[in-house]
Every structure is written in structure tokens, then in C-alpha cells.
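A.B. asks:
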Amino acid sequence: MKYIGEHLIVGQLGNFFVVTSFCFALLAMLSYFYASKNEDKTWKKLANISFIGHTASVFGIVAVLFYMLMNQYFEYYYVWQHSSKALPLRYIFSCFWEGQEGSFLLWTFWHTVLGSIIIWRNGKLTTSVMAIFSSVQVFLSSMLLGVYILEYKVGSNPFTVLLRDHPEFVNLPLFKSADYLLHLDGRGLNPLLQNYWMTIHPPTLFLGFASTLVPFAYALAGLWKKRYNEWIKPAMPWTIFSVMILGTGILMGGAWAYEALSFGGFWAWDPVENASLVPWLTLVGGMHLMLIQEKKGGVSFTMFGLVLISFILILYSTFLTRSGILGDSSVHAFTDLGMSGQLLLYLLSYIFIAIVALVVNYKSLPRNKKEEDLWTREFWMFTGSLVLFISSFQILISTSIPVINKIFGSSLAPPSDAISHYNSWQIPFVILVLLFMSFSQFLKYKKSAFKSFSKAILRSLIAALVISGAIGFLLKMTNPFELFLLFTGSFAVLGNLDYWLSILKGKFRHAGSSISHIGFGVMMIGALISMSQQKNISNNTSSFDVEQLGEEFENKENILLMENDTLPMDDYYVSYRGKEEEGVNVYFLVEYMKRLPNGDFESVFTLRPRVQTNPRMGNVAEPDTRHFLDKDIYTHVTWAILEEDKKDEEEYGEPEVKNVKVGDTLYLKQSIVILDSVRRILPIDIKQVELQESDIAVEAKLIAWDFNTKKHTLRPLFIVKDTSEIYGLPDGIEDIGLKVSFNNINPKDGSIELTFIQKNVSRDFIVMQAIVFPYINLLWLGCFIMIIGTIIAIYSRVKFGK
Amino acid sequence: MKKTHIIGIIVIAISIGVIFGSINDSSTYSNFTESSKNEQAEFHIVGYLNKEKPQVYEPQKNPDLFQFYMYDKDSVERKVVLHKSKPQDFDRSEQIVIIGKSKKNEFHADQILMKCPSKYDNGSPEFQSPEELEKERTANS
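Chain order of the listed sequences is A and B.
Numbered by the working numbering, the letters in the first sequence go through residues 264 to 1065 in order.
Numbered by the working numbering, the letters in the second sequence go through residues 4 to 144 in order.
In C-alpha cells form, the structure reads like this:
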């Protein structure tokens, strides 16, 4: 059959680029290898041309894939799978890297950009570095090949056509007609990923992943060419860059989880988060060891180890998240797309290369003969780096439990309470790192006098004690570990600030490390306070008794909120105001109010947590958070009725009798009622019945606020006629479904007896969770300062070569 | 002995501690039969929902209580009492992991993980049944 309207030529162009990118990478690897081995100019020229060819091909693949997504060519599997007609154009980037092929392409793309910059700078060791770079590119470009070699599928091609390369589609009735394209729509983008985070987070994180290749390639080139120290200088700015960008990517993931996912916090110790944190920690350790080695030497083996392992851990994290091995243990693990064998080969090859390079060079690595002095900067930097290594090792072991199961056939499950497991392990490590960070800068390389050193740190030490003591007291913190972390955090901030201002005289070009350290300290203090002081304010304050249901209901986290009911929560009164539908989103309006001294309610803000409905991929709930300078209020709808339900017949229910005193507040089904006053009125003022002068009439004035905070007044009467006939004249307001009658006066305690009859309403409701995160802005401020600090450090390195 | 050697030994000692300590903190994947034998211990149980039996969620009474019936991997069925709100999209889940303890004939869970393969599947055509595709086609034309 001849199909109408297919755009097969575009895919062929894409495939052409896929093949050329692989061939050029292979050619570049071989020629860089010979160029490096023989110090040969001709090989180098050929190699550079090949790498540029490879770069151009990768750009070509990217352009073709974008073109296909932009024009919605649904005959292509990748476009069909990740996009749909209804999807707004702004999500095109998200579609691009939603799939495995697209994200590997993004990674490859960043490698070509970084590699091109290295070629352009053409510094020391370029050919050796680029040989290693190109070998990685051979692996990555093979991931897109999608060809069969000896019945084994190599790579997954993004340009396959539904009808030709996917036989399972051919027999579907839709494809029986020649003009099937007119009716074909894509499957669409996972609703969880339809937000701006998905546009900015993956490129940042993958640039972070890609950037770890640079220090790895330089270190390996240093070992290969036996330039054990010379590689450090050109690699240093790249290493700092990698720490900065990978850190930014990880924090962005945390911010995404906090803002848009229902993790209920910024860091959930999810395996996918951990997998990228581990290499960051080792790289930070490696970077500090590079500084020591550059200044003084003596740590080459540990330095090479940490720098090399960082890149390997990036590969390992890709393997973890992409092979489906995390399966049951992660909320957002990916399923196996048949690439895990290839990924494993890739991972094992580089582990093998790194081990061989280290073992072969072990004997000839430069060593310091002299015994290290205790009071030197390098000693504490070295120890700190090792603490970072152990900290990353602990995260690695716990995250790798599914891998351990696979290897040893055990059936271990990850810790049930991941957050407390990791926090209790990691807090001591953080305390040590912060402590070393706070005083090490005051020590000199090689040797310092302890006396002058202790004098120098005294000022910030005392200030840190006072400040952390005051904060701990104000926030009523009692956990000794948390208090100690608060102290070391403050010490790290103040110590680095003091060092920068008084010893470096606040000079900009030396500011990088101090400012990064200050940022890290502020970030840890923010994390500590917002995590340890976070308060779930959606405890059950509704009138429904839940205790009867069982004894183990202490950790109530959700609350039921009927439409227009107002419940007190922490400092607020919260009301659910109904839902709004906008396209696929259902927004729930949750109004937070304050009570004024005169009893009126004043709206403070309204949050709009939402549920995105998607019949194909499932509904996704997204929280909404109100940010204040000193706290955030996070609100998440955990359960709601999405279909419009038919309203039941509204009827008045059974009467309820209550004894009320003046000033009492009653929370009723549709209103909040206050007994304002009880007074005797003149019988002539009463219109409803005819009364004598001698008769007694008492009026109860009730003020009722409905849930739109409109004020109503009810005036039921209590009448004594002819000294013996007692009856009440009820009052009612239809709008709030309330009738009140005044039955009696209890002279003993001054209360009156009222009967309330309320309308039964079947109202909409939500089950929601609200958490207050105090001082979480400190965390973000710290992240920001740390990133600024690393940027300054990169700038100084590149500009002044310091 | 050099200071670096001392540090090296300390690092190795802590690392071994980390390995055993971290693994010690871990829980185990198991089944309902095993979990009934030890009501004190916490278990992770992988299984799937019994769609025939009723699910009880009455948020008006208690938003943090949801009950359903689940089979473990050995097809042993048990009533599960989850002390949390009913997860959105619960009925679509194909595989469930619950974390908690056995209590007489019930399993009391305080955490739940669901796998909806549709979210991360590799786009097999069965996902959109031929009828679905056909319906879409007629709707479009």
C-alpha cells in the first residue's frame, strides 16, 4: 500500500547523521590516540576535523529531531510516543528529552560542546584528553544506532517509523487506510513532566553529567602521559565548573520536587536524587585534593581516585536510573529499554581503564617524604575530602541495595523511612565537613603556628557559639546533633566571612572559596531548620472524631475540608472554596484567612493546588506553595472527587439543643455563629404576635458568618404570655440553611437554651495536607551564594590563573 | 607510622561500619505468610490489588484510613489497612509495594508505593487498544 503524507526523507537524513556521528567519533578516537602517542601534527589535524564532523553530526541529529517534533510527524515512533496534537509548543523541549534516546542525545550534545571548547583552547595534553573524550563519544553515539550486530541490538534509534520498524502496529485497524496520518495522534507527554522545570532541569543536569568527563579525561591523560601534576592547572577551572553546574542541576531537581511534586519537602533521599548527589560529593572531594596536590603534593593517589571515580559514578547513576533495576524502590525509576547491557559494558570498560591506569602508575606517583604536620591547611582539607568520600559511600551503599540483591540474590528492601535513615547517617558527616571548613582556611599550607591560628579563629568561634545558641533557644531545638550542626554551620559561615574580610581584605579575586563555603554553611543551616522545624498544620481539627477508629492514629497528616467549611489551622483559618476547571487541570481553591479582633474574617491568600487529569497516563496532583520571607506554606490535595456529583435533595435535619452563653462561638455546617447578646425587649415592638404590656419578651441576637464571610443576624424570641404560656418565636435564614429557636433561660449560669435545625447539604470536599517550612529561604539563599562563589572561583582561575 | 596511615585505617574502619550499618537499617521484601510470623518486624510486600473486593475510603470519617485487599507474589490475599489517604489513581496501579506490619489477619501499612507502568512504559501499542484507536479515528473524521 502507498501511504499518503509520510515524511520519510527527514528520518533518512536523521539516520544519516546518526551514522556519521558514530563514524566520526570512531575516527576521532583513533586519530587522537595516534596523535597523542606519536606527538604527530597530521594525526592531530585529522582528529580535530573528525571531532568537528562528529559535533556537526550531533547538531544535525538534534536539529532533525526538533524539526520532527515541531511539525508533529506522528509517523515517527519517538514523536508519536512523546508528543500529541494538543500539546502546547512550549513543551517541545520536554518532549525532546523525555525519552531515553533524547536524553542520551542531550548528554552527547553537551560533550561535543565541551570537547569543542577544549580543542579551541588547545592547551596542554589536548590530544590525550580528546582521545578519551572521543572514546566516550563512540559509546554514546552507538546508543543511537539501533542496528543489530550478531542478533544483539546496539542502541535505540530515535528515527524509527511506526509502520515500518514496529511490526506490532501494522495490524491495528487505524493503519489499514492509506491516509492514516490524518487520524493519527501522538500519545502525549506525561502530565507529570508538563511544567517549566522539565524544560530547564534536564539540560542543566546533563551539562553537569557531561562536565565531569573533563576532569576525568584530564586525570586519565595525566596518568597516561605520566604528567602527574601538569594536568591539574588546565583541569582546575573545569572541575570547579563541574562542581557548580552539577550542584545547580541537583538543587534544581530538589526545587522541582519541592514546588511541583508531592514529595512534601525539597529533598526526599529518593534513589534518583541520590544517584547524582554521590558523584557530586566525590568530585568536591577530588577538587580539594587537586588544590592540595597543586600547592604541596603528596595526595596524588587519593586525588586520582576521587576524580576518576566521580565520572564512573555518573555512569553508574545512569545505569541505576535507566536499567530499571531500581524498580520497586523509587517513585520515578525508569523502565528498562533494553539498553542496560550496553550501559553496563560502558560502565565496566571505564572502571577497568581507571583501575589499570591507577595500578600501572601506582609505583611512580609522586610522594612527599616528610611527615605531615597536624596544623596545616592540607591536612584538614585532606581529612575533609575523605569525610566527603565516606559520606558519599554511605549514600551509595544504601541506594545500591537493589544492585546488591541482584548480585547476591538477597531480598533486602531499602530502609522503610528513607529520610530518617539518611539524615541520621549524614548529619555527623556534615558536622565534620562544616567544622573543617570553618577553620582550615586560617591555617597555612606546609606549617602554621598553633598559637596564632587559635587566636585567629577565636573571634568567629565565639560569635558562632552565641548566634547558634540564640537560634537554638528561640526555635526550642533540643536534639544535640541538630544543635551541633547549627553551631558548626554558623562557625563555617562566620569563619569564612572573617577570613575573607580580615585576611584576604575582601578582595574579589580571592573570594571564590570563602563565598562558596559561606553559601554551603547557610544552605545547611536552612536545610536543618526547615527540615527539623517543619510543621504539619493539617492535623485533624474537624469535628469528626477519628480517635474511635483505632489507637494508632497519631500521625494524622491529612485533613478533610468540606466546601466552604472553615477550620482553624495553625495561625490561620482555612476554607475550601470550590474548584475551577481549566482544560485538563482542576484547581482547588484553598483560602487562608486571619481573624480580625472584631470577629470578622480577612482573606490573607488563596492557594491553588491542582490535579491534572489524564485518562491515559493517570492523574497527577501538584501542590501549591505560598512563599513568605520567613516561611513557606505548602498545600497539597491528596484526594478529591473529580467528577461533578449530583447534588442530593437538601433537607433540614434533626433538631439539636444547645446551651449557649453570650460570647460563645458555634461551628455549624454552613456558618459560624456567635451569641451576641440576650436582652429583654418591649412587647409592643413584636409584630408577629399580639402581646400585653405585662408579657415578657426576650431576644437572643445571634451573628452568623457564612463561608463567604458575609454577616447575617438572627433574632429568635422567648416569650412568656399571660404569666404562664411560654413559647419561642424561631428565626431562620434560608441562605445558610439554619433555623434557631429560643427555648429557655437558665438563670443559674446565665446560659440560654437554643434549638438549631440545620439543612443537610451534600457538599464537595477535599482531603488535603498543609506543611509549614520555616526559614526555607535560607536554603535557597545558601544555594545561590554557593553558586556565585564557584563562578567567582572559575573566573579568577581563568582570568588570573590562580 | 605516618598520620596518613592512621587516617587510612580510620577511613577503612568507618567504611566497613558504613556497609554493615546501612545494610542493617534495611528492611526485607517478603510476603504475607512471613510477615504474619513476626508481627513486630516491618516488611515490604510487593503484590497487586484484588479488584474484585471492595475498597473502603471514607474521608468524611477519617481521611487517613484506607482499606483494600491485596495479593502478594505468592497469591496470598490479605486485607490491608493503610494509614494514609487513598492515593490518587490507585485503581490504575498494576503493582503495589506496601510497607508496614502484620496485625492478626490484617496488614497495617504506613507507606505505599505504586507502579503505574503506563507512566514510564516504552509505548507498546497495547496501551492504546485497537478499539480505542478506532474510536479516536471515527471521532476525528
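Backbone N, C-alpha and C fix where the C-beta goes; we use that ideal spot for every residue, glycine too.
Remember, predicted model here, so these are calculated numbers, not experimental data.
1) Which chain B residues are close to Leu649/A, counting only those with a beta carbon under 7 Å from its beta carbon?
2) Examine chain B for any beta-carbon lying closer than 8 Å to the beta-carbon of Gln657/A, and answer yes or no.
3) Give the interface partners of Ser661/A over in chain B, defined as CB-CB distance under 7 Å, in chain order.
4) Spatial neighbours of Lys669/A within its chain, please: CB distance less than 6 Å, with the 5 preceding and 5 following residues excluded, ordered by chain position.
5) Check the C-beta distance from Gln275/A over to Met406/A and give it rounded, since I have them as a contact under 8 Å.
6) Starting from the N-terminal side, write out each stretch of the beta strand (DSSP E) that is 3 residues or longer and does not extend beyond the segment 984 to 1059 of chain A.
7) Where does Ser105/B sit, in a helix, a strand or coil, going by DSSP?
8) From Ser940/A to Thr898/A, what distance separates their C-alpha atoms?
9) Below 8 Å, how does it come out for the segment 714 to 724 of chain A and the segment 772 to 784 of chain A: are there three or more Cβ pairs, yes or no?
10) Mapping DSSP to helix, strand and coil, what is Tyr411/A?
11) Give the residues of chain B in contact with Val1030/A, contact being defined as C-beta atoms less than 7 Å apart.
12) Is Ser92/B close to chain A, meaning its C-beta is less than 8 Å from at least one C-beta of that chain?
13) Within 8 Å of any Cβ in chain A, is that where the Cβ of Glu97/B sits?
14) As a quick exercise: from Gly549/A, Phe287/A, Ile495/A, Pro466/A, pick the residue whose alpha carbon is nearest that of Ile508/A.
15) Rounded to the nearest angstrom, how far is the Cβ of Leu332/A from that of Ser313/A, given a contact under 8 Å?
16) For Glu45/B, go through chain A and note every residue whose CB falls closer than 8 Å to its CB, in chain order.
17) I think Asn821/A touches Arg840/A, with their Cβ atoms under 8 Å apart; what is that distance to the nearest whole Å?
18) For Asn631/A versus Gly560/A, is the C-beta spacing smaller than 8 Å?
19) How would you call Ala596/A, buried or exposed, if buried means at least 16 neighbouring beta carbons within 10 angstroms?
20) Classify Ile19/B: buried if its beta carbon has 16 or more other beta carbons within 10 angstroms, exposed otherwise.
21) Compute the beta-carbon to beta-carbon distance between Ile102/B and Glu45/B, rounded to the nearest angstrom, for a pair I have assumed lies under 8 Å.
22) Considering only the beta carbon of each residue, do Ile996/A and Ala967/A sit closer than 8 Å?
23) Going along chain D, which residues have a C-beta under 7 Å from His684/A?
24) What is the DSSP secondary structure of His111/B, reduced to helix, strand or coil?
25) Give the straight-line distance between the Cα atoms of Ile513/A and Ile937/A, rounded to the nearest whole angstrom.
26) So, with DSSP's three-state summary, where would you put Asp939/A?
27) Is the beta carbon of Trp370/A sitting closer than 8 Å to the one on Ala473/A?
28) When you compare only the Cα positions, how much space is there between Ser663/A and Ser674/A?
29) Could you spell out where the beta strand (DSSP E) holding Thr888/A opens and where it closes?
30) Between Phe329/A, Ala394/A, Leu328/A, which has its C-alpha nearest Phe287/A's C-alpha?
31) At a CB-CB cut-off below 7 Å, which residues of chain A make contact with Thr7/B?
32) Rounded to whole angstroms, what's the CA-CA distance from Phe359/A to Trp343/A? Just pull it up for me.
33) Per DSSP, which one or two residues make a beta bridge with Asn799/A?
34) Could you check what DSSP says for Pro57/B in three-state terms: helix, strand or coil?
35) What does Thr36/B touch in chain A if you count any residue whose Cβ is under 9 Å from its own?
36) Could you tell me the distance, in whole angstroms, from the CA atom of Gly362/A to the CA atom of His317/A?
C.D. replies: For this structure:
1) Residues of chain B passing the Cβ test: Ile10, Val14.
2) Contact with chain B is found for Gln657/A, since one of that chain's Cβ atoms lies less than 8 Å from the residue's Cβ.
3) One finds Ser25 in chain B with Cβ atoms closer than 7 Å to the Cβ of Ser661/A, taken in chain order.
4) The answer is none, since no qualifying residue turns up.
5) About 20 Å separates the CB atoms of Gln275/A and Met406/A; that is not less than 8 Å, and the two are not in contact.
6) Taking only runs of at least 3 residues, the beta strand (DSSP E) segments lying wholly in the segment 984 to 1059 of chain A are 988 to 992, 994 to 996, 1001 to 1009, 1014 to 1023, 1028 to 1037.
7) Strand at Ser105/B.
8) Roughly 38 Å separates the two Cα atoms.
9) Too few Cβ pairs lie closer than 8 Å, so no.
10) Strand.
11) Within chain B, the residues whose beta carbon sits less than 7 Å from that of Val1030/A are Pro62, Pro66, Ser88, listed in sequence order.
12) Looking at the sequence itself, residue 92/B is Asp, so the reference to Ser does not match. It does: the Cβ of Asp92/B has a partner Cβ on chain A nearer than 8 Å.
13) Under the Cβ criterion of 8 Å, Glu97/B is not counted among the residues facing chain A.
14) Per the Cα distances, Pro466/A.
15) Rounded to whole angstroms, the Cβ separation of Leu332/A and Ser313/A is 29 Å, and the two are not in contact under 8 Å.
16) In chain order: Ser679.
17) A Cβ-Cβ distance of about 19 Å is found for the pair Asn821/A and Arg840/A, leaving them out of contact under the 8 Å criterion.
18) In this structure, the beta-carbon distance from Asn631/A to Gly560/A falls below 8 Å.
19) Caution applies to Ala596/A, whose pLDDT of 49 falls short of 50 and renders its modelled position unreliable; the value that the coordinates give is listed next. Buried is the call here.
20) Classification for Ile19/B: exposed.
21) With a Cβ gap of about 7 Å, Ile102/B and Glu45/B count as contacting.
22) Yes.
23) Annotation note: the requested chain D is absent from the structure, which comprises protein chains A and B.
24) If DSSP states are grouped into helix, strand and coil, His111/B belongs with the strands.
25) If I take the Cα positions, the gap works out to 52 Å.
26) Strand at Asp939/A.
27) Remark: C-beta atoms of Trp370/A and Ala473/A approach each other more closely than 8 Å.
28) Taking the straight line from one Cα to the other gives about 13 Å.
29) Unbroken beta strand (DSSP E) run through Thr888/A: 887 to 890.
30) That would be Ala394/A, whose Cα lies nearest to the Cα of Phe287/A.
31) By Cβ distance, chain A contributes Glu635.
32) Rounded to the nearest angstrom, the two C-alpha atoms are 12 Å apart.
33) The partner list for Asn799/A (beta bridge, DSSP) reads Ile1034/A.
34) Here Pro57/B sits in coil by DSSP.
35) Annotation: Thr36/B has no Cβ neighbours in chain A at a cutoff of 9 Å; minimum Cβ distance is about 14 Å.
36) Near 22 Å, if we compare the C-alpha coordinates of His317/A and Gly362/A.
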